[in-house]
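Asks: Starting off with a structure, shown below.
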Amino acid sequence: MFQALSNVLLPVMIVAGLGALLASRMKIDQVTVSRLTMYLLIPALVLDVILRTPVRAAEAGQLGLAFLLVMAVSLGLGAVAGLGRPDAERRSLSAASGIWNSGNMGLPIALFVFGDSGFDRATVVFLVSIVAMYIVGPAIYGSASRSGQRYGAADIFKSVFRLPTVWVALIAVALRVLNVPLPQGVTRGVSLLAEATLPLVLLSLGLQLGAGGWPPLNRRVWLAGVVRLIGGPLIALGVGFLVGLRGESLAVLVLSASMPTAVNALLIAQEYGGDADTVAGVVLVTTLGSVLTIAAVVALLPGLG
């Protein structure tokens, strides 16, 4: 476990910690950083990975299906954790349990643990998670947003296809299926942007955590944290076996499902009328607790090979 902490989590903690320190000492324009990441760097990373990844379509489909099943079970357990609480809090506990950080933390940790082959598989999971997040988030809350507007199926569809990552992924898949190569100058430019993605997403994570303050914590928040950090990898292990994943693909799924609640879950709660304080509490608890739980998962992953 100590080796996992030092070799895998320490680099992530250093970069994210520096971002948190910076945000606590000075005002940083987080909106600009987030937009650079979401609208430029992540699409470049997705394009780069899809064009060069050796992951077979069938395996990618299995990973995507397994991710969605793990998310569905996690959402259900989160809702159970919120039984008896006000509707907004119960829905927020569900979202906080089922939307995890497969990008900012999941991608770099997968790279450190598995190398390029595992990173490619983790990027497939991340791509599915991006689309699922912006479908599940509005669907869970199903209530008035801050502006008083209600979000239906058409609004959810528009929010998903507003993301450049989705369009880039579709274009990249078409190019790969049709075997159409891009000019070398274009691919090199895309690769340069892709290489800048992981450092910036970690800095972005640190900036968001450093500027967030200390949210209120209660028993339900801790329970949702247990669902996310302990239930997540156990659910992924069972679901992965059921859908036929083995070896590195199964290990990538389990590692992804052990990640803490995504900061984006907080942004979605704020936008769609959720209990932002509850989600912020789960983000804080799971981010801090994941230092030990992810180390334990990494130490046990070789047994899945």
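Quick note on numbering: our numbering labels position 69 of the sequence shown as 111, and the sequence is numbered without any gaps.
Just so you know, even glycine gets a beta-carbon here, dropped at the ideal spot from N, CA and C.
(1) Quick check: what's the CA-CA separation for residue 85 versus residue 343?
(2) Provide the residue span of the alpha helix (DSSP H) that contains residue 209, from first to last.
(3) How is the alpha helix (DSSP H) around residue 336 delimited, first residue to last?
(4) Just to confirm, are residue 155 and residue 50 a CB contact at a threshold of 8 Å?
(5) Just to confirm my understanding: we take residue 188, look at its own chain, exclude 5 residues before and 5 after, and list those with CB closer than 8 Å. What are they?
(6) With burial defined as no fewer than 16 other Cβ atoms inside 10 Å of the residue's Cβ, what is the status of residue 146: buried or exposed?
(7) Less than 8 Å between the C-beta atoms of residue 300 and residue 333, yes or no?
(8) Along the chain, where does the alpha helix (DSSP H) containing residue 160 start, and where does it finish?
(9) Counting C-beta neighbours from all protein chains within 10 Å, is the total for residue 74 16 or more, i.e. buried, or is it exposed?
(10) With DSSP as the reference, label residue 142 as helix, strand or coil.
(11) Return the first residue and the last residue of the alpha helix (DSSP H) that residue 95 is part of.
(12) Which whole-angstrom value is the C-beta distance of residue 303 and residue 270, which I expect to be below 8 Å?
(13) Determine, using beta-carbon pairs with one atom in the region 219 to 234 and one in the region 63 to 71, whether at least three such pairs fall under 8 Å.
Replies: The structure says:
(1) For residue 85 and residue 343, the distance between alpha carbons rounds to 29 Å.
(2) Unbroken alpha helix (DSSP H) run through residue 209: 206 to 219.
(3) In the DSSP assignment, residue 336 falls within the unbroken alpha helix (DSSP H) covering 318 to 342.
(4) In this structure, residue 155 lies near residue 50, with their beta-carbon atoms less than 8 Å apart.
(5) Residue confidence for residue 188 is low, a pLDDT of 47 falling below 50, so the modelled location carries little weight and cannot support an answer.
(6) The residue in question, residue 146, is buried, as its Cβ has 16 or more Cβ neighbours within 10 Å.
(7) No, the pair does not count as a contact, with Cβ atoms beyond the cut-off.
(8) Start and end: 158 to 183.
(9) By the beta-carbon neighbour count (other beta carbons within 10 angstroms, threshold 16), residue 74 is exposed.
(10) In the structure shown, residue 142 sits in a strand (DSSP, three-state: E or B).
(11) DSSP places residue 95 in no alpha helix (DSSP H); its state is neither H nor E.
(12) Indeed they touch by this definition, with Cβ atoms about 6 Å apart.
(13) No: the two stretches stay apart, fewer than three of their Cβ pairs being nearer than 8 Å.
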